[in-house]
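What follows is one structure encoded as structure tokens, with my remarks underneath.
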């Protein structure tokens, strides 16, 4: 890289490269001095530029958004849009950014001036991209903190005792590039079941979002004092700036009616997961959860100690994991547009009525992203378009489209492919989208799919077909 960066943001681009935005030069609580007399560089401590990797042969350039959001712009939220522009959110500001020409278009401010970036660390994710929503991205923001501007302090520590300040329950969603000609607006969504700072969204194969980890009060980060507690010996939770670990996960269903989108699920963990915690989806559909260390170094004796123990969380579909489908014919690579491919679910590789199973079948691609500090950069879920055909014997063929002919929707590289039947995912297979190389990706016309064809109701059931096959087997 051209610049030294702590807590920078990254987002994959349509040619397989990544853009790298902002950061600190040396680290700290928030990215500014107090008073904030130099919002661009904070007298050499802030890095307001962006660059690309691999490099484009041009110097890192200043991004005005990093100056506008000075202080509260660490791990800014970046999402590539279908147009090729970048959605960016930090502090309470929001923009669409043409990174090729470094032109910013303002979008509405975050309602209530709730801070979602580090160290407020709200849970943020793109909702699933599906044929039903015409692959139009919507970004969901939940939790974080609405601490007043004066409370955030500076590089060294916050101005207040953050562990006494409740985290936000607020959730907002925005569609940055509406396809109906309307203007982008933030829309109030269902509140979280409890406030969370450092909550982390994980996209699950059944198209729900898991949120886990975090705390009821305070923020991410650590310090040896605050503006109100002047010595480390008086700090009630060691160096932690958060209190009240949230130990029970919750599930957000974007397709549920308003007022019914959140449900608590699972037994509480016994391990607080605060600052420096991570989570990521695994190929079997479970979630690996690890980390937590709100301390300057390794510390096993403080209130919230350094944590090396890892856990796995098993989402609700594991209650029916015996019904996991076993698809055949999954490809190794996907193109942008082009001829459809077939996935096979013979009798015995799925459970239930063939027509119902086929009608519920979805083929989804998930890029789990790269996980740090309660966020997964680059994470997104895209459902491939598909139709089905059910034979008289109950064998299912899924006709599946290639990736949409727009690399901005799902940038080239590895993804996990799941076949989901009745809400239960197969084991994910790692497949490569695009050429596997950096550069402009070939694009073809969108895949043609034949109409779906169910099995006639007079055909024998799958169970009967299985019984007949077993009867005549030698």
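Residue numbers (our numbering): 990 to 1463.
The C-beta atom is built at its ideal place from N, Cα and C for all residues, glycine as well.
Rounded distance between the beta-carbons of residue j and residue i, thought under 8 Å
{"i": "residue 1436", "j": "residue 1326", "result": "6 Å"}
{"i": "residue 1201", "j": "residue 1114", "result": "Not confirmed; about 13 Å, so no contact."}
{"i": "residue 1032", "j": "residue 1012", "result": "About 16 Å; that fails the 8 Å criterion."}
{"i": "residue 1306", "j": "residue 1174", "result": "With a Cβ gap of about 33 Å, residue 1306 and residue 1174 do not count as contacting."}
{"i": "residue 1229", "j": "residue 1211", "result": "6 Å"}
{"i": "residue 1058", "j": "residue 1080", "result": "4 Å"}
{"i": "residue 1156", "j": "residue 1205", "result": "6 Å"}
Status (buried if at least 16 other CB within 10 Å, exposed otherwise) for residue i
{"i": "residue 1106", "result": "buried"}
{"i": "residue 1112", "result": "buried"}
{"i": "residue 1108", "result": "buried"}
{"i": "residue 1461", "result": "Confidence is the limiting factor: at residue 1461 the pLDDT is only 35, short of 50, which leaves the residue's position unreliable and the question unanswerable from this model."}
{"i": "residue 1289", "result": "exposed"}
{"i": "residue 1463", "result": "The pLDDT assigned to residue 1463 is 35, lower than 50, so where the model puts this residue is not dependable; a value taken from the coordinates is nonetheless given after this. So residue 1463 ends up on the exposed side."}
{"i": "residue 1050", "result": "exposed"}
{"i": "residue 1224", "result": "buried"}
{"i": "residue 1092", "result": "exposed"}
{"i": "residue 1152", "result": "buried"}
{"i": "residue 1129", "result": "buried"}
{"i": "residue 1446", "result": "exposed"}
{"i": "residue 1176", "result": "exposed"}
{"i": "residue 1161", "result": "buried"}
{"i": "residue 1454", "result": "Note that residue 1454 scores a pLDDT of 49, beneath 50, so its modelled location is shaky; the value from the coordinates is reported in the next line. Residue 1454 is buried by the Cβ-count criterion."}
Bounding residues of the alpha helix (DSSP H) (the contiguous stretch that carries residue i)
{"i": "residue 1355", "result": "Not the alpha helix (DSSP H): residue 1355 falls in the beta strand (DSSP E), residues 1351-1356."}
{"i": "residue 1038", "result": "From DSSP, residue 1038 is part of no alpha helix (DSSP H) but of the beta strand (DSSP E) over 1038-1042."}
{"i": "residue 1099", "result": "Note, residue 1099: premise wrong, no alpha helix (DSSP H); not H, not E."}
Unbroken beta strand (DSSP E) run spanning residue i, endpoints
{"i": "residue 1364", "result": "1364-1366"}
{"i": "residue 1075", "result": "1075-1079"}
{"i": "residue 1228", "result": "1225-1234"}
{"i": "residue 1331", "result": "1330-1334"}
{"i": "residue 1053", "result": "First-last for residue 1053: 1053-1057, but that is the alpha helix (DSSP H), not the beta strand (DSSP E)."}
{"i": "residue 1087", "result": "1082-1087"}
{"i": "residue 1068", "result": "1066-1069"}
{"i": "residue 1372", "result": "1369-1373"}
{"i": "residue 1359", "result": "1359-1361"}
{"i": "residue 998", "result": "998-1001"}
{"i": "residue 1045", "result": "Where residue 1045 is concerned, there is no enclosing beta strand (DSSP E), given that its DSSP letter is neither H nor E."}
{"i": "residue 1313", "result": "Run containing residue 1313: none; DSSP gives neither H nor E here."}
{"i": "residue 1300", "result": "1300-1302"}
{"i": "residue 1104", "result": "That residue, residue 1104, is in no beta strand (DSSP E); it is neither H nor E in DSSP."}
Chain D contact for residue i (CB, 9 Å cutoff)
{"i": "residue 1000", "result": "Here chain D cannot be found, since the structure has a single protein chain."}
Residue i: CB within 8 Å of a non-hydrogen atom of the ligand HEM
{"i": "residue 1174", "result": "Among the ligands in the structure shown, none appear at all, so the ligand HEM cannot be discussed."}
Report the residue ranges of all beta strand (DSSP E) runs contained in full by the region 1381-1455; include only those spanning at least 3 residues, in chain order. Qualifying beta strand (DSSP E) stretches, in chain order: 1385-1389, 1402-1410, 1418-1422.
I'd like to know if the region 1239-1253 and the region 1205-1222 are in contact, where contact means that at least 3 CB-CB pairs between them fall below 8 Å. With a cut-off of 8 Å, the region 1205-1222 and the region 1239-1253 do not count as touching, because too few Cβ pairs lie within range.
Which whole runs of the alpha helix (DSSP H) in the region 1154-1221 are 4 residues long or more, in chain order? none
Alpha helix (DSSP H) runs wholly inside the region 1111-1159, at least 4 long, in chain order: The region 1111-1159 is shown to contain no whole alpha helix (DSSP H) run of 4 or more residues.
The region 1164-1184 touching the region 1137-1150, judged by at least three CB pairs closer than 8 Å: Contact fails: fewer than three Cβ-Cβ distances are below 8 Å.
State whether the region 1267-1283 contacts the region 1375-1393, with contact taken as three or more CB pairs (one from each stretch) at a distance under 8 Å. no
Can you give, in chain order, each stretch of the beta strand (DSSP E) that sits fully within the region 1238-1277 and has at least 3 residues? 1239-1241, 1251-1253, 1266-1270
Inspect the CB distances between the region 1384-1404 and the region 1293-1306 and report whether three or more fall short of 8 Å. no
Sufficient close CB pairs (3 or more, under 8 Å) joining the region 1411-1425 to the region 1186-1195: yes
Cβ contact (3+ pairs, closer than 8 Å) linking the region 1021-1029 and the region 1070-1085: no
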